[in-house]
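Undergrad:
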Amino acid sequence: MAKTHCTVLTASRSPGIAEGLTYDTGALNLALGSHVHVPLRNRTVEGIVVEIEEAHKAKAYELKAVEKLLGDAPLLTQAQISTLRWMAKHYACSLRQALKVWLPSPPWSALVPDIRTVYRLQESNAPLRGSKQQAIVEELAHRGDLTREEIREATGASSATIKALAERGILSVMQEEAEGERQPLLHIDIEAPKLTPTQQQVTQAMHKDKRPSLLFGITSSGKTEVYAQLIAQCVGSGKQAMLLVPEILLTEHCIERFRSLLPPERIAIVHSRLTPKERRATWVRIHRGGIALVIGSRSALFSPLKHLGLLIIDEEHEWTYKNEQTPHYHARETAQELCRQTGAKLVLGTATPSLESWARAKSAEYHLVRLEERYGSHPLPHVQIVDLAQVKFGSLYPFSPPLLEAIEERLKREEQSVLFLNRRGIASALLCLDCRRRVVSPSSNLPFTLHRGAGGTPYLLDHTSGMQADVPAQCPACGSVRLHAVGAGTQRIEEILARRFPMARLLRADSDTLTHPEQMRLLLKTMRERRADILLGTQSVVKGLDLPQVTLAAVLIADIGLSLPHFRAGERIFDLLTQLTGRSGRAKPGDVIIQTFRPQAPEVRYAAQHRTEEFLNEELKLRMQFGYPPSTQMIRLILRRDALHRARILHVQAETAAHEHRQTVSVTSAPVLASAGVAWHVLLKGDNPSALLPYLDLSDVVVDVDPMECI
Ligand code: ADP
Ligand code: ZN
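For the sequence shown, this note's numbering begins at 1264 and goes up steadily by one.
#1: For SER1962, collect the residues of the same chain with a Cβ closer than 6 Å to its Cβ; drop the 5 residues on either side in sequence, then sort them by chain order.
#2: Please identify the residue among GLY1553, TYR1584 and ASN1586 whose C-alpha is closest to the C-alpha of LEU1571.
#3: Do you know whose CA, among THR1285, MET1887 and ALA1336, lies nearest ILE1550's CA?
#4: Three-state secondary structure (DSSP) at THR1801?
#5: Could you pull the DSSP bridge partners for SER1929 from this structure?
#6: Report back the beta-carbon spacing between PHE1860 and ILE1759 to the nearest angstrom; my notes put them in contact at under 8 Å.
#7: For a test of your reading of the model: does the CB of THR1482 fall under 7 Å from any non-hydrogen atom of the ligand ADP? Yes or no.
#8: List in chain order: all unbroken beta strand (DSSP E) runs of 3+ residues lying wholly within the segment 1463-1494.
#9: Going by beta carbon distance, what residues of the same chain come within less than 6 Å of PRO1934, once the five residues before and after it are set aside?
#10: Could you pull out every residue in the same chain whose Cβ sits closer than 6 Å to the Cβ of ALA1495, ignoring the five residues on either side in sequence?
#11: Of all the alpha helix (DSSP H) runs that stay within the bounds of the segment 1496-1568, which reach a length of 4 or more residues?
#12: Does the count of Cβ pairs from the segment 1856-1872 and the segment 1633-1652 closer than 8 Å reach three?
#13: For the alpha helix (DSSP H) holding VAL1400, just list the boundary residues, first then last.
#14: Quick check: the Cα distance between ALA1420 and GLU1412, rounded to an integer number of angstroms?
#15: MET1897 bridges to which residues according to DSSP?
#16: Name the DSSP bridge partner or partners of LYS1585?
#17: Among HIS1924, PRO1957 and GLN1916, which has the Cα closest to the Cα of VAL1945?
#18: Three Cβ pairs or more, each shorter than 8 Å: is that satisfied between the segment 1541-1550 and the segment 1519-1527?
#19: Spell out the partners DSSP gives MET1437 in its beta bridges.
#20: Does the segment 1627-1634 come within contact of the segment 1780-1790, defined as at least 3 CB pairs closer than 8 Å?
#21: Take ALA1732 and list the residues in its own chain whose beta-carbon comes closer than 6 Å to its own, dropping the five residues that flank it on each side.
#22: In angstroms, rounded to a whole number, what distance separates the CA positions of ALA1767 and ILE1576?
#23: Measuring straight from C-alpha to C-alpha, what distance separates HIS1645 and VAL1818?
#24: Give the DSSP-derived three-state secondary structure of TYR1286 in the structure shown.
#25: Taking 8 Å as the cut-off, decide whether the C-beta atoms of GLY1800 and ALA1821 are in contact.
#26: What does CYS1602 pair with, by DSSP beta-bridge criteria?
#27: Does DSSP put TRP1943 in a helix, in a strand, or in coil?
#28: Taking the beta carbon of MET1437 as the centre, do at least 16 other beta carbons fall within 10 Å, making it buried, or is it exposed?
#29: Which stretch, first to last residue, makes up the beta strand (DSSP E) that contains VAL1915?
#30: In this structure, how does DSSP classify GLY1310 when only helix, strand and coil are distinguished?
#31: Tell me whether LEU1613 counts as near the ligand ADP, meaning its Cβ is closer than 7 Å to at least one heavy atom of that ligand.
#32: In the DSSP assignment, find the unbroken alpha helix (DSSP H) run with PHE1878 in it and report its ends.
#33: How many Å lie between GLY1949 and HIS1353 at the Cα?
#34: Taking DSSP as the reference, what is the three-state secondary structure of SER1422?
Below, the structure written as structure tokens:
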């Protein structure tokens, strides 16, 4: 056999070896993903094999050899290693940074029970040939089961001699595991759900098509049931399935659905709130092979499934699929690569496709299937738009009279209402801690309220005029820098409701009140059992709920981020409003109220009329016209230290590189407010801005390829 070299990523954090080190494979039978011990300086460290190649004769220097192969099963499969390498390349990070998401933190030795392959002497009349064979048999007769290394050490026999004895039935090969048995993946027969004819058709079409499928199904069309059917088919054929959800806490009902499909010991739930210990335990359980279905948030994608047959991404357009730390991967893109490597089927489900997926569906790169009717043929709700700029609020801001009336009507009819708040609650005022004055709007002389845009950047909004302003560094009245966000926020909303509807039973749901799946379950139960009348929740919490008694859904202020110069703002609002319309009238006719400062915005008008496809086409046209993704690629370079100075240098470097390498890339840079002062972003936008990265000085720079948030 040809001599081989391998690249090993070690657990050592020493700088300079983030791309791995090359070792001589020696006689070891290594695979991609193998867990090994290698010498590093004068220590032994553990590592993962990420590349194996035939040795180049040209390599003159002496390579150190891999010391030991640990366990008999690689920690990662070949497909997973290939995906890891793709991540490093696409997201411009080191192999070690990419590896971080695939394995629990080191030491890795505890991840796999030490499995030894041992040889056992069999009763046999076959004659022994030669003294080496004789010696092996004597050794085994004397000492019992031994590994190949032990036999070789004791007798000096070659691997070939041992193998020959095994082939002739004189020795048998046994697997010994330190603890527990490896669970085989059985063909699990599950009772498939009963689908409607349309759901059935869609499922079959996806089953037949090898391309990633975009399942474009309106809210309440039964996408979950379709997933269940696909999972049943996959698991029934002895393969494993994975379901990614945007946020595990908020998908309680969805998880319940799958708990009834498969026995609990066949399901693993993976999410970022697991403690390191739980994460390890779950990883080991999955690696052993008995898990048929992994459900989890984006990081579940990296679960060690060896026979992946189906990967579903629910609500594929959600922003939570983008990792905002290094590696800055997007779960959808990475899943696509993993499926390419494993041959698994990829299904992307959504009521509001991302522009990225929509463009691919239109170019037939994705297979497009639709569910255009709600289950049970329930009609979509009627949507009313309230222009906030026209309303005289008095002390009831942000409740408009039509909204108050609609809530009152539900209370009379004993139906339920869901009210959407902005992501972090309704804005509060900016108060100066020194002169005790609130920052006021010059146009109305009323206090500004503080909001956060899509990028998390705070800004001031005058609700009477719609005027916006940046957050000042100093108090405009006294010059103090001690400006503080105060105010009622959600409490104010609750107060107004309590004052206006003293008899109403109010339930609140935001990420502060819901920190555990159990609390979510309780909330759903309270609503289903009609022990609450009004559910007041932040958008991210209430957007996916399936509550049959809800006949009114309203968003108090729809305009988060609307007027920010952010190319994804429209898409985001549209998604929010569509989710809003999806909450109402799931079992009987319902209404929706959108309160907004921008009633004419296309995303508001299209959402109100349930015209998703037209919105997508219009938006895609705009993106192409102005050269935004998905018609181009974007890379964000984030500078935190010495930011302005570095940003200027990078900006020039990027423009020069674009010019020299004939790349059409536009470069822009701008400051952004970050938690630790001002950071600078340099944005590269063009056909292939990645091509410029090798020519830039990126030390200390965070590279975010395909950013979600940008100025
Ligand atoms: P989506 O995920 O598309 O918004 P869901 O999967 O939550 O829709 O389905 C909406 C409602 O309709 C759920 O209560 C679900 O149980 C019900 N439903 C959908 N399809 C079926 C089906 N084939 N059989 C029984 N109930 C269904
Ligand atoms: Zn002041």
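Don't be surprised by glycine CBs; every beta carbon is placed ideally from N, CA and C.
TA: Well, looking at it:
#1: Walking along the sequence shown from the start, residue 1962 turns up at place 699. Nothing meets the Cβ criterion.
#2: Residue 1571 sits at position 308 when you count from the first residue of the sequence shown. Answer by Cα proximity: GLY1553.
#3: By one-based count along the sequence shown, residue 1550 stands at place 287. Before going on, a small fix: residue 1550 reads as His here, not Ile. Among THR1285, MET1887 and ALA1336, the Cα nearest to that of HIS1550 belongs to ALA1336.
#4: The residue given as residue 1801 occupies position 538 in the sequence shown. Assigned with DSSP and collapsed to three states, THR1801 falls in strand.
#5: Numbered from 1 along the sequence shown, position 666 holds the residue referred to as residue 1929. Partner(s): LYS1948.
#6: Residue 1860 sits at position 597 when you count from the first residue of the sequence shown. Residue 1759 sits at position 496 when you count from the first residue of the sequence shown. Wrong, their Cβ atoms sit about 19 Å apart, outside the cutoff.
#7: Here residue 1482 refers to the residue found at position 219 when the sequence shown is read from its first residue. A heavy atom of the ligand ADP is found nearer than 7 Å to the CB of THR1482.
#8: List check, beta strand (DSSP E) in window: 1476-1480.
#9: As a position in the sequence shown, residue 1934 is number 671, starting the count at 1. Cβ within range, chain order: VAL1941 and TRP1943.
#10: Within the sequence shown, the letter at position 232 stands for residue 1495. ILE1453 and ALA1455, listed in sequence order.
#11: Counting only runs of 4 or more, we get 1515-1522 and 1539-1551.
#12: Taking 8 Å as the limit for Cβ pairs, the verdict is that the segment 1633-1652 does touch the segment 1856-1872.
#13: Counting from 1 along the sequence shown, the entry for residue 1400 is found at position 137. Annotation: the continuous alpha helix (DSSP H) that includes VAL1400 extends over 1393-1406.
#14: Mapped onto the sequence shown, residue 1420 falls at position 157. Mapped onto the sequence shown, residue 1412 falls at position 149. Rounded to whole angstroms, ALA1420 to GLU1412 spans 10 Å at the Cα level.
#15: Translated into positions along the sequence shown, residue 1897 becomes position 634. DSSP output for MET1897 lists LYS1948 as bridge partner(s).
#16: The count along the sequence shown starts at 1 and reaches residue 1585 at position 322. According to DSSP, LYS1585 bridges with HIS1593.
#17: Numbered from 1 along the sequence shown, position 682 holds the residue referred to as residue 1945. Nearest to VAL1945 by alpha-carbon distance, out of HIS1924, PRO1957 and GLN1916, is GLN1916.
#18: Contact fails: fewer than three Cβ-Cβ distances are below 8 Å.
#19: On the sequence shown, position 174 is the one that residue 1437 refers to. Bridge partners of MET1437: VAL1381.
#20: Judged by Cβ distances under 8 Å, the segment 1627-1634 makes no contact with the segment 1780-1790, as fewer than three pairs qualify.
#21: Here the question's residue 1732 lines up with position 469 in the sequence shown. Closer than 6 Å at Cβ, skipping near neighbours: LEU1723.
#22: On the sequence shown, position 504 is the one that residue 1767 refers to. On the sequence shown, position 313 is the one that residue 1576 refers to. Their backbone Cα atoms lie some 38 Å apart in a straight line.
#23: Position 382 of the sequence shown, counted from the first residue, corresponds to residue 1645. Position 555 of the sequence shown, counted from the first residue, corresponds to residue 1818. If you take the alpha carbons of HIS1645 and VAL1818, they lie about 14 Å apart.
#24: Within the sequence shown, residue 1286 is the residue found at index 23, counting from 1. In the three-state reduction of the DSSP assignment, TYR1286 falls in the strand class, which pools E and B.
#25: For this step, residue 1800 is matched to residue 537 along the sequence shown. For this step, residue 1821 is matched to residue 558 along the sequence shown. Not a contact, by the Cβ cut-off of 8 Å.
#26: Mapped onto the sequence shown, residue 1602 falls at position 339. None, per the DSSP bridge assignment.
#27: Against the sequence shown, residue 1943 aligns to sequence position 680. In this structure, DSSP gives TRP1943 an extended state, which the three-state scheme calls strand.
#28: On the sequence shown, position 174 is the one that residue 1437 refers to. Label assigned to MET1437: exposed.
#29: Here residue 1915 corresponds to residue number 652 of the sequence shown, with the count starting at 1. Membership of VAL1915 in any beta strand (DSSP E) is not indicated; the residue belongs instead to the alpha helix (DSSP H) covering 1906-1923.
#30: As a working note, residue 1310 is residue 47 in the sequence shown. Annotated three-state conformation of GLY1310 is strand, per DSSP.
#31: Numbered from its first residue, the sequence shown carries residue 1613 at position 350. According to the sequence as given, residue 1613 is Thr; it is not Leu. Every heavy atom of the ligand ADP is 7 Å or more from the Cβ of THR1613, so no.
#32: Residue mapping note: residue 1878 aligns to position 615 of the sequence shown, counting from 1. Boundaries of the alpha helix (DSSP H) around PHE1878: 1875-1889.
#33: Taking the first residue of the sequence shown as 1, we reach residue 1949 at position 686. Taking the first residue of the sequence shown as 1, we reach residue 1353 at position 90. Taking the straight line from one Cα to the other gives about 15 Å.
#34: Mapped onto the sequence shown, residue 1422 falls at position 159. For SER1422, the secondary structure class from DSSP, reduced to helix, strand or coil, is helix.
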